[in-house]
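Here the sequence shown is numbered in this note's numbering, starting from 165 and rising by one per residue. Structure, as structure tokens:
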Amino acid sequence: MPIIVNLDVMMAKRKMSLNELSEKVDLTLANLSILKTGKAKAIRFSTLEAICKALDCQPGDILEYTEK
Numbered sequence: 165m166p167i168i169v170n171l172d173v174m175m176a177k178r179k180m181s182l183n184e185l186s187e188k189v190d191l192t193l194a195n196l197s198i199l200k201t202g203k204a205k206a207i208r209f210s211t212l213e214a215i216c217k218a219l220d221c222q223p224g225d226i227l228e229y230t231e232k
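This is how it looks when you write it as structure tokens:
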């Protein structure tokens, strides 16, 4: 997939665990894990907004486009 999810990188920079992020953004661990591993097919803007707010970052810090 040409969209790379760098959620784990931002979480490490902010020293935040998946459990902490899950609680802050009100998403299940399973859904966050799917997103973190790059297996998600889509993401809602509201979810992206909540993650960016919790991690104090921009969408471009989490999502990256690369050509195959």
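All residues carry an ideal CB built from backbone N, CA and C; glycine is no exception.
As DSSP reads the structure, residue 167 sits in a beta bridge with 229. If you ignore the 5 residues before and after residue 223, its C-beta comes within less than 7 Å of the C-beta of 212, 216, all in its own chain and listed in chain order. The Cβ atoms of residue 202 and residue 168 lie closer than 8 Å to each other. Per the coordinates, the alpha-carbon of residue 218 lies some 30 Å from the alpha-carbon of residue 232.
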